[in-house]
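Shown next, in structure tokens, is the structure this report addresses.
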């Protein structure tokens, strides 16, 4: 499993692209689309202290909710069939995973190549859609049985030229995922 993280994800969403995806991929239109457009565009704010008011500031980009962000990133799931990986999205978290036989060196190498290529394609898609991967927070977790723990052949995954060694545990969504029996988060 590879868990990729994004930098300032909710604040960099292109609202026009989001609205376009809602129409083309989800079939949202009419009053609902008009309401969402008014929610996402033309937002303003000002500060008041007593009888004094600041100038009105118009926001061209404001953060979106996790659900709207997931809609924005739906096209990432189109990348996965090319590489044969499973991709799961929730808000700004993207998880890539695939099963392989721990005793098959060629299978492990092939999967590693596909994982690295998939991450590269996701990176390109994110750049084109004004998002940025946070390489420092990318994590790799290899789950194996106790019997096969010493038999896996993946010692690292390369992300943007940086090798990332598998970790023993990952904490996401308040859950602790561990690849080693008896360890605690």
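Residue numbers (our numbering): 331 to 515. No residue lacks a Cβ here, since even glycine has one placed at the ideal position from N, Cα and C. From a predicted model like this one, the values you see are computed outputs, not experimental measurements.
Less than 8 Å between the C-beta atoms of residue i and residue j, yes or no?
{"i": "residue 399", "j": "residue 362", "result": "no"}
{"i": "residue 444", "j": "residue 414", "result": "yes"}
{"i": "residue 417", "j": "residue 406", "result": "yes"}
{"i": "residue 332", "j": "residue 426", "result": "yes"}
Is residue i helix, strand or coil by DSSP?
{"i": "residue 400", "result": "helix"}
{"i": "residue 453", "result": "helix"}
{"i": "residue 447", "result": "helix"}
{"i": "residue 361", "result": "helix"}
{"i": "residue 496", "result": "coil"}
{"i": "residue 412", "result": "helix"}
{"i": "residue 381", "result": "coil"}
{"i": "residue 422", "result": "coil"}
{"i": "residue 472", "result": "coil"}
{"i": "residue 335", "result": "strand"}
Sorted by chain position, which residues of the same chain lie with C-beta nearer than 7 Å to residue i's C-beta, five sequence neighbours on each side aside?
{"i": "residue 518", "result": "The chain is shown from 331 up to 515; residue 518 falls before or after that span and cannot be answered."}
{"i": "residue 371", "result": "345"}
{"i": "residue 487", "result": "332, 442, 445, 446, 470 and 494"}
{"i": "residue 382", "result": "none"}
{"i": "residue 301", "result": "Outside the displayed span of the chain (331 to 515) sits residue 301, for which this structure offers no information."}
Quick one: Cα of residue i to Cα of residue j, how far?
{"i": "residue 365", "j": "residue 397", "result": "16 Å"}
{"i": "residue 376", "j": "residue 448", "result": "44 Å"}
{"i": "residue 446", "j": "residue 356", "result": "30 Å"}
{"i": "residue 403", "j": "residue 386", "result": "31 Å"}
{"i": "residue 473", "j": "residue 460", "result": "33 Å"}
{"i": "residue 388", "j": "residue 378", "result": "16 Å"}
{"i": "residue 458", "j": "residue 347", "result": "11 Å"}
{"i": "residue 468", "j": "residue 380", "result": "47 Å"}
{"i": "residue 439", "j": "residue 354", "result": "37 Å"}
{"i": "residue 453", "j": "residue 489", "result": "9 Å"}
{"i": "residue 455", "j": "residue 466", "result": "19 Å"}
Ignore the nearest five residues each way along the sequence and tell me which others in residue i's own chain have a CB closer than 6 Å to its CB.
{"i": "residue 462", "result": "337"}
{"i": "residue 428", "result": "415 and 441"}
{"i": "residue 424", "result": "334"}
Once the 5 residues before and after residue i are set aside, which same chain residues still bring their CB inside 8 Å of it?
{"i": "residue 358", "result": "352 and 366"}
{"i": "residue 451", "result": "409, 412 and 413"}
{"i": "residue 349", "result": "363, 366, 367 and 370"}
{"i": "residue 374", "result": "386, 387, 388 and 389"}
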